[in-house]
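Below is one structure, written out as structure tokens, with a few remarks after it.
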Amino acid sequence: MHRTKQTKHILTDADGVLVDWLTGFGEYMAARGFVRKPNTDHEYVIGKRYEDLSISDGHAIVHEYNNSSAIRNMPPMPGAQENIAALAEEGYTFTVITSLSDQPHARDNRIHNLETHFGKIFNDVICIKTGRPKVKVLTQWKDTGLLWVEDHPNNAVDGHTLGLSPVLIAHEQNAEFNHPEIPVVSGWADIYKMLR
Ligand SMILES: [Mg+2]
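Per the numbering used here, the very first residue in the sequence shown carries number 28; after that it's consecutive.
Okay, here's the thing in structure tokens:
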């Protein structure tokens, strides 16, 4: 890792890292009568997690949810609030990079949700098209060694390739991830300890 005291800036994903997308989405689906398939917690693909939902309909409903006002009410990830507050107190700043949606109203909803849980601590909230890779956005921090907090293996590996210092937040869907230079943590309490 190349982090120094001058780089108290953290790049972070939002869904599954700051806020609990799966719980929010699960409530949205349940309200619409969709039923979860058993033993699919390891599946990333939403079309595989629900009965009577094709892969493409799964993508469509994710797009619909991400652009809905339900995004304003997503719960925070366990442990995120207190540990991020402690890091902010110690001078860390944060940029959020999220593939929620590139629609301005979706970004407004995301900022409202994040500021409700974490306060106005974010330098920027960069929103790109739903589900898109983040490599282009991350390129502006190439070779900075900045901490990059993700839960999607591909985005974590892209950050590593660009000379960032990724950590992966563990979930059922990324349980098979294994990279010699990317630590897997259970949440922000572990990240706080790493930075001490
Ligand atoms: Mg995520």
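Glycine included, every Cβ here is placed at the ideal spot set by N, Cα and C.
Straight-line measurement puts the Cα of Gly60 at about 34 Å from the Cα of Ala183.
Rounded to the nearest angstrom, the gap between the Cα atoms of Thr34 and Leu173 is 7 Å. The Cβ-Cβ distance between Pro102 and Thr50 falls below 7 Å. Under DSSP, Pro103 forms a beta bridge with Val46.
Secondary structure of Thr166 (DSSP, three-state): helix.
The continuous alpha helix (DSSP H) containing Asn93 extends over residues Ile82 to Asn93. When the five nearest sequence neighbours on each side are left out, the beta carbons in the same chain lying within less than 7 Å of the beta carbon of Ser81 are those of Gly74, in order along the chain. Here Leu127 has Asn93, Ala133, Arg137 and Cys154 as same chain residues with Cβ atoms under 6 Å from its own Cβ, once five neighbours each way along the sequence are excluded. Per the Cβ contact rule, the region 64-72 is in contact with the region 192-209 (3 or more Cβ pairs under 8 Å).
Distances between the C-beta of Asp47 and the heavy atoms of ligand 1 are all 6 Å or more.
Contact between Ala41 and Leu141 holds, with the beta-carbon distance rounding to 7 Å and staying under 8 Å. Using a 10 angstroms sphere on the CB of Glu177, the tally of other CB atoms reaches 16 or more, which defines it as buried. His179 sits in coil when the DSSP states are folded into three classes, being neither helix nor strand. DSSP links Ile153 through a beta bridge to Ile124. Distances taken from the Cβ of Gly43 to the heavy atoms of ligand 1 include one shorter than 6 Å. When DSSP reads this structure, Thr39 sits in a beta bridge with Val123 and Val176. Judged by the Cβ position, His144 fails to qualify as a neighbour of ligand 1 at the 6 Å threshold, every heavy atom of the ligand being at least this far. Val62 and Ile148 have their C-alpha atoms roughly 37 Å apart. Under the DSSP assignment, Leu141 falls in the alpha helix (DSSP H) whose first and last residues are Pro131 to Phe145.
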